[in-house]
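Report on the structure given below.
Number of protein chains: 2
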Amino acid sequence: MTDAALRQTDPDEASPEARPATRTLSVVDRIRTAVLAGEFEPGTRLHEVRLSERLGVSRTPIRSALQSLASEGMLEYTPNRGYSVRRFSTAEIVDAYEIRAVMEALAARFAAERGLPDAERAAIERVLAEGDEILAARDLGEEEKLAYTAVNTTFHEAIHSAARCRMLGDMIRVCHSVPHSSHRNVISFEHMDVRRRHDDHHRIYDAILACDPYRAELLMREHVASVKTSLVRALSGRPMARRGRS
Amino acid sequence: MTDAALRQTDPDEASPEARPATRTLSVVDRIRTAVLAGEFEPGTRLHEVRLSERLGVSRTPIRSALQSLASEGMLEYTPNRGYSVRRFSTAEIVDAYEIRAVMEALAARFAAERGLPDAERAAIERVLAEGDEILAARDLGEEEKLAYTAVNTTFHEAIHSAARCRMLGDMIRVCHSVPHSSHRNVISFEHMDVRRRHDDHHRIYDAILACDPYRAELLMREHVASVKTSLVRALSGRPMARRGRS
DNA sequence: TCAAGCGATAATGTATACACATGGGGGCTG
DNA sequence: CAGCCCCCATGTGTATACATTATCGCTTGA
Chain B
1 MTDAALRQTD PDEASPEARP ATRTLSVVDR IRTAVLAGEF EPGTRLHEVR
51 LSERLGVSRT PIRSALQSLA SEGMLEYTPN RGYSVRRFST AEIVDAYEIR
101 AVMEALAARF AAERGLPDAE RAAIERVLAE GDEILAARDL GEEEKLAYTA
151 VNTTFHEAIH SAARCRMLGD MIRVCHSVPH SSHRNVISFE HMDVRRRHDD
201 HHRIYDAILA CDPYRAELLM REHVASVKTS LVRALSGRPM ARRGRS
Chain A
247 MTDAALRQTD PDEASPEARP ATRTLSVVDR IRTAVLAGEF EPGTRLHEVR
297 LSERLGVSRT PIRSALQSLA SEGMLEYTPN RGYSVRRFST AEIVDAYEIR
347 AVMEALAARF AAERGLPDAE RAAIERVLAE GDEILAARDL GEEEKLAYTA
397 VNTTFHEAIH SAARCRMLGD MIRVCHSVPH SSHRNVISFE HMDVRRRHDD
447 HHRIYDAILA CDPYRAELLM REHVASVKTS LVRALSGRPM ARRGRS
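Going down the list, the protein sequences come from chains B and A.
Mapped onto the working numbering, the consecutive letters of the first sequence carry residue numbers 1 to 246.
Mapped onto the working numbering, the consecutive letters of the second sequence carry residue numbers 247 to 492.
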């Protein structure tokens, strides 16, 4: 397994792309990526000194970053004992889906109540069309699966932003730090499943366009809840492939 | 206005009660209390050096505490510009109620699905009876209002804990850092309002006892949403008494 | 007079040294 | 030999000095 995210940054790196404003923020990103990639087993303690050596910064930004990640729910903190990678039970993962379902449903309702600016409307239509195109193929290769996962993520993020409610967006983001509980993980690429879900997207968009908050909310809630059902089926069928991985 | 929460602690204070494990945690409590008490106007910047002088600790625990409070949503952070007391628009306050409504409804549903241990059942029945008793009086004095507010808080907290879902509890807690959006603020003590809400509590408890998740969820959602309606009415009737106060 | 550039000042970001808490291992004792 | 206690190693908590960045007033030129 590569640990690119945790390699020390080249001091004289002149990367033109916008880098984070502070080292703390950069460290947050790198540790989050590493944990989501499964570089640390759940329960592993993250020692400040070791991390600071690995990342080439002092303990101060490390501590700050760990605190951030703990508040996102990704790490666990015990006073005087430091931080460790949070261990999620199956029950917690399933609960996270329930929470996400009601939150995303509320976001869809807000979007329907508040209406879509032209730019967002266009963006959603574009991503829906892209999804149509990908799913037109009989079978999906690895590349198409990745592409559809991106489409899925973009659609949901568009709804979150259309809700125009920062607190709601923050809370949904927290749900995504729970393993398996993210748009980034399309649980099933079975023909029926993925096409049905894409059809859900169309209907949700229709409801939002029609300013039908009630229908938008119901559809979104069922949409997310159905993924939970798939997940539960997958988990009971065979033991989870590996903790903390996608 | 007293600023007791922000006074420097007596070094040789030998308070027998359990004090926080670290200074950071103690500072978190003190700043949170001060902000909730309205000692800082929304938008006020919290300078690290000044706080550290006022509280008699170094900048390190202050920074840590400010970061915690920002992640709770009580403060706002801008890189290289520090922390300031978050300003909540009326829209955000109303939205917080909507969010709280779906979250508490989910908690009620979880409680109904998961059942109540005897101890919790007894605790809820006790607090419901206490509410009955307080509301038996024709009119409520200040003391009774305070007492009923405590009853209200206890009831809701019992439901949260009965949900047995840490993430949900955390999220509901975040909603409470929004001014006006807390059980601690009983918006209206009008006869009808408070009695109707107390009756809601009874029904919600009945639904949970009867293991009827659907009804528990619906009742709780309407219960919280109705407070939102009262709040909106109060806000539109007269300008909010004062930002950030109860 | 106004705008733009520049420099002083104050605040935050980071590094580092020291204080303190925790947990485990070795030695002492019964 | 078992059990307890003390000591020390490890690692977090805190203080403080230094680096870097924002802000604001001033100067200077058009």
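A virtual CB, placed ideally from N, CA and C, is assigned to each residue, including glycine.
Judged by their CB atoms, S330 of chain A and L292 of chain A are nearer to each other than the 9 Å cut-off. C-alpha of A357 of chain A to C-alpha of R166 of chain B: approximately 28 Å in a straight line.
V178 of chain B sits in coil when the DSSP states are folded into three classes, being neither helix nor strand.
Contacts with chain A at 9 Å (Cβ-Cβ) include S64 of chain B.
Apart from sequence neighbours up to five positions away, the residues of its chain that approach R430 of chain A with a beta-carbon distance below 8 Å are T395, T399, H422 and S492, ordered along the chain. Two segments are said to touch when three or more pairs of C-beta atoms, one from each, lie closer than 8 Å; by this definition the stretch 402–417 of chain A touches the stretch 360–372 of chain A.
V27 of chain B and L301 of chain A have their C-alpha atoms some 29 Å from each other.
What M171 of chain B touches in chain A, judged by beta-carbon distance under 8 Å, is I345, M417 and V420, going in chain order.
M103 of chain B is positioned such that its CB atom lies closer than 9 Å to that of I172 of chain B. A Cβ of chain A is located within less than 9 Å of the beta carbon of C165 of chain B. Among the CB atoms of chain A, one or more fall inside 9 Å of the CB of V102 of chain B. Here T33 of chain B is exposed, its C-beta having fewer than 16 other C-beta atoms within 10 Å.
Taking the Cα of H469 of chain A as reference, the smallest distance to any Cα among A:S317, A:D439, A:A368 and A:L271 is reached at A:D439.
Ranked by Cα distance from V227 of chain B, the first of B:I204, B:R196 and B:C211 is B:R196. When the Cα atoms are used, F40 of chain B and D29 of chain B turn out to be separated by approximately 15 Å.
The straight-line gap separating the alpha-carbon atoms of L386 of chain A and I380 of chain A is approximately 8 Å.
The beta carbon of D95 of chain B sits closer than 9 Å to some beta carbon of chain A. For the stretch 451–465 of chain A, the set of residues with a beta-carbon nearer than 8 Å to any beta-carbon of chain B is empty. For S52 of chain B, the enclosing alpha helix (DSSP H) has its first and last residue at E48 to L55. Here T290 of chain A carries a coil assignment [DSSP, helix/strand/coil]. Shown here, T153 of chain B sits in a helix according to DSSP, grouped into three states. For E322 of chain A, the enclosing beta strand (DSSP E) stretches over residues L321 to T324. Within the stretch 266–283 of chain A, contact with chain B at the beta-carbon level (separation under 9 Å) is assigned to P266, A267, T268, T270 and L271.
Here S476 of chain A carries a helix assignment [DSSP, helix/strand/coil]. The C-beta distance from L477 of chain A to H426 of chain A rounds to 6 Å, short enough to meet the 8 Å contact threshold.
The Cβ-Cβ distance between Q67 of chain B and S298 of chain A does not fall below 9 Å.
Residue range G82 to V85 is occupied by the beta strand (DSSP E) that includes G82 of chain B.
Here Y214 of chain B is not near R50 of chain B, since their CB atoms are 9 Å or more apart. Residue-level contact by beta carbon fails for E294 of chain A and chain B, as no gap is shorter than 9 Å. D29 of chain B: member of the alpha helix (DSSP H) spanning R23 to L36, first to last residue.
The continuous stretches of alpha helix (DSSP H) do not include A137 of chain B, and DSSP gives it neither H nor E. Interface annotation, A105 of chain B: in contact with chain A, CB-CB separation under 9 Å.
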